[in-house]
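Novice:
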Amino acid sequence: MSRQYETVIGLEVHVELATETKIFCGCSTRFGGAPNTHTCPVCTGMPGSLPVLNKKVVEYAIAVGLATGCKITRYCKFDRKNYFYPDNPQNYQISQLYLPICRDGGVEIETPAGKKVIGIHEIHMEEDAGKLIHDEWEDCSLVDYNRSGVPLIEIVSEPDMGSAEEVIAYLDKLRLIIRYLGASDCRLQEGSMRADVNLSVREVGTKAFGTRTEMKNLNSFKAISRAIAGERSRQIELLEAGKPVIQETRRWDDNKEYSYAMRSKEDAKDYRYFPEPDLVPVSISQEWLEEIRARQPELRSEKLVRYKKEYDIPEYDARILTESRSMAELFEEASAICGKPKKVSNWLMGETMRLLKEAEQEPEDISFTAAQLAKLVELADTGAINGPAAKEVFVHMFQEGADPEQYVKDHALGAVRDAGALRETVRQVLEDNPQSVADYRGGKEKALGFLVGQTMKAMKGKADPGLVNQILRELL
95 MSRQYETVIG LEVHVELATE TKIFCGCSTR FGGAPNTHTC PVCTGMPGSL PVLNKKVVEY
155 AIAVGLATGC KITRYCKFDR KNYFYPDNPQ NYQISQLYLP ICRDGGVEIE TPAGKKVIGI
215 HEIHMEEDAG KLIHDEWEDC SLVDYNRSGV PLIEIVSEPD MGSAEEVIAY LDKLRLIIRY
275 LGASDCRLQE GSMRADVNLS VREVGTKAFG TRTEMKNLNS FKAISRAIAG ERSRQIELLE
335 AGKPVIQETR RWDDNKEYSY AMRSKEDAKD YRYFPEPDLV PVSISQEWLE EIRARQPELR
395 SEKLVRYKKE YDIPEYDARI LTESRSMAEL FEEASAICGK PKKVSNWLMG ETMRLLKEAE
455 QEPEDISFTA AQLAKLVELA DTGAINGPAA KEVFVHMFQE GADPEQYVKD HALGAVRDAG
515 ALRETVRQVL EDNPQSVADY RGGKEKALGF LVGQTMKAMK GKADPGLVNQ ILRELL
């Protein structure tokens, strides 16, 4: 009988913080830019240069810690992690080992078996390294130090996950919390959120952990899922063949769907950590802590509870709207202006989502205002414009930030509600379509739809469909 195995997974998630300048110098953190242009003596590790801590980095780290239920270390320090690598100009990285800023938190996720809390062992602040670019054409490696010194927090989970699904749910929740806080955009494709997966397998019923490996180079949820499946299979095959699993760091190649060994796994002692001599300890006062706590936004989980009480919208709508803080705020503001949350929700869930997808944009990229959206809802709801006209106005509002009322006026899109003029047009349509009149009177309800369409065509789409329907039934 074959043995049954279970997977044990812990994550190290690196998040680049949304500060304008780097953690220890005044260089820009903006993504992109020509190689080695966002640099100075500090972030390129020049002898004699001294780091100065960016206060905003500490505030973001505390905010993430509070939002994930961590204890904040009121007196914390930085340490030197010594290692040589070409993208690490100082030959050490300033990080936190002995007194990390946050400890003992947790994030609740939803699984098929119900809710589950994934423990957070610690969150620490550190500087990012530069970036090695391997030029296969020239057969050489180039170094870009623009990323060197960009502030990071590393969120180290407990080994509480047992499947790729739980890992993705945890990362999704973490990303949502951090984006709500405005601490990072968490764009995996740009490297502002990166996850290293620590994975081991053990026989079901065994309490001792198996030998773990760490997988790097994971920049999408799909890559993470495939890497977990691939590494689980690789370790089980080794154990079934009676071979040991070696503790090592492995690099995942998503194109080949295979991981290969990079180096044997280091322990803390291999890095010769010692307290960073160029930085004073960080002392976090109770007043500063409370000030940051008071600035914490309402998170998604809290919004979902409030939306249920406050707005008459389905839970599905609420979940979609709260996936982005900017979308949720747009919904709340527009609803407050026009008092029609369901109508606002419909426009955001339908046309907005469609146009965002077409333009390959995020909700954060929306340029129209809550006031414009509320105005459009009013125009459509009062019948001042009909459905097709409202959609036309919305497209221009989305793409160019057009004012709905002004656009309707400039393009004469207002619905014709003059019953006398409509009645004349309807009479003409009935005269021109005797067969459809006969069909309707013979019990074919579909014929009415055709006659409505012909009337709308004659009115160049500007008639109020409800009024057209009413007059048609009356004359028929």
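Numbering-wise (our numbering), the sequence shown opens with residue 95 and increments by one.
Cβ coordinates follow ideal geometry from the N, Cα and C atoms, glycine included.
These numbers come from a predicted model, not from an experiment.
Could you tell me the alpha carbon to alpha carbon distance between V576 and D198, rounded to whole angstroms?
Specialist: Residue 576 lies beyond the stretch modelled for the chain, which goes from 95 to 570, so this question has no answer here.
Novice: For E221, count neighbouring Cβ atoms within 10 angstroms of its own Cβ and tell me buried if that reaches 16, exposed if not.
Specialist: Reading the sequence shown from its first residue, position 127 is the one you call residue 221. Buried is the call here.
Novice: Classify C196: buried if its beta carbon has 16 or more other beta carbons within 10 angstroms, exposed otherwise.
Specialist: Numbered from 1 along the sequence shown, position 102 holds the residue referred to as residue 196. Label assigned to C196: buried.
Novice: My output table needs one value for R306: the three-state DSSP class, helix, strand or coil.
Specialist: For the purposes of this step, residue 306 is identified with residue 212 of the sequence shown, where counting begins at 1. The answer is coil: DSSP assigns R306 none of H, G, I, E or B.
Novice: Considering just the uninterrupted stretch of the beta strand (DSSP E) at M219, what are its terminal residues?
Specialist: Along the sequence shown, one-based indexing puts residue 219 at 125. Segment G208 to E221, the beta strand (DSSP E) holding M219.
Novice: Taking A155 as the reference, which of D459, D406, I378 and V471 has the closest Cα?
Specialist: Working through the sequence shown from its first residue, we reach residue 155 at position 61. For the residues D459, D406, I378 and V471, the minimum Cα distance to A155 belongs to I378.
Novice: Tell me which residues share the same chain as L449 and place their Cβ nearer than 6 angstroms to its Cβ, disregarding the 5 neighbours each side in the sequence.
Specialist: Translated into the one-based positions of the sequence shown, residue 449 becomes position 355. Excluding positions up to five away in sequence, the list reads F492.
Novice: On a CA-only basis, which of S439, S461, A388 and C134 is nearest C119? Give me that one, please.
Specialist: Within the sequence shown, numbered from 1, the residue matching residue 119 stands at position 25. Among S439, S461, A388 and C134, the Cα nearest to that of C119 is on C134.
Novice: Excluding five sequence neighbours on each side, which residues of the same chain lie with their C-beta closer than 8 angstroms to the C-beta of F462?
Specialist: Taking the first residue of the sequence shown as position 1, residue 462 is located at position 368. Hits under 8 angstroms: M491, F492 and G495.
Novice: Among the residues of its own chain, which have a CB less than 7 angstroms from the CB of M421, if the five just before and after it don't count?
Specialist: Position 327 of the sequence shown holds residue 421. So the qualifying residues of the chain are L415, L442 and P457.
Novice: Grab the span of the alpha helix (DSSP H) containing E445 for me, first residue to last.
Specialist: In the sequence shown, the residue the question calls residue 445 occupies position 351. Here E445 belongs to no alpha helix (DSSP H), and DSSP marks it neither H nor E.
Novice: Relative to the alpha-carbon of E396, which residue among E417, L383, E384 and W382 has its alpha-carbon at the smallest distance?
Specialist: Looking up residue 396 in the sequence shown gives position 302. Here the closest residue by C-alpha is E417.
Novice: Ends of the alpha helix (DSSP H) at Y264?
Specialist: On the sequence shown, residue 264 is found 170 positions in, with the first residue counted as 1. Unbroken alpha helix (DSSP H) run through Y264: A258 to L275.
Novice: Would you decide whether C234 is buried or exposed? Buried here means 16 or more other CB atoms lie within 10 Å of its CB.
Specialist: Mapped onto the sequence shown, residue 234 falls at position 140. C234 is exposed by the Cβ-count criterion.
Novice: Are the CB atoms of L470 and P498 within a distance shorter than 8 angstroms?
Specialist: Locating residue 498 in the sequence shown gives position 404, counting from the first residue. Locating residue 470 in the sequence shown gives position 376, counting from the first residue. For P498 and L470, yes; Cβs fall inside 8 angstroms.
Novice: Cα-Cα, which of K171, R124, I212 and Q329 is closest to Y367?
Specialist: Translated into the one-based positions of the sequence shown, residue 367 becomes position 273. The shortest C-alpha separation from Y367 is found at K171.
Novice: Quick one: is I57 buried, meaning 16 or more other Cβ sit within 10 Å of its Cβ, or exposed?
Specialist: The structure shown does not extend to residue 57, since the chain is modelled only from 95 to 570, so the question has no answer here.
Novice: Under a three-way DSSP split, which group does G104 fall into?
Specialist: For the purposes of this step, residue 104 is identified with residue 10 of the sequence shown, where counting begins at 1. Reduced to three states, the DSSP call for G104 is strand.
Novice: Using a 10 Å radius around the Cβ and a threshold of 16 neighbouring Cβ atoms, would you call V244 buried or exposed?
Specialist: Walking along the sequence shown from the start, residue 244 turns up at place 150. Answer is buried; the Cβ neighbour count reaches 16.
Novice: Helix, strand or coil for R345 per DSSP?
Specialist: Within the sequence shown, residue 345 is the residue found at index 251, counting from 1. R345 falls in the strand class under three-state DSSP.
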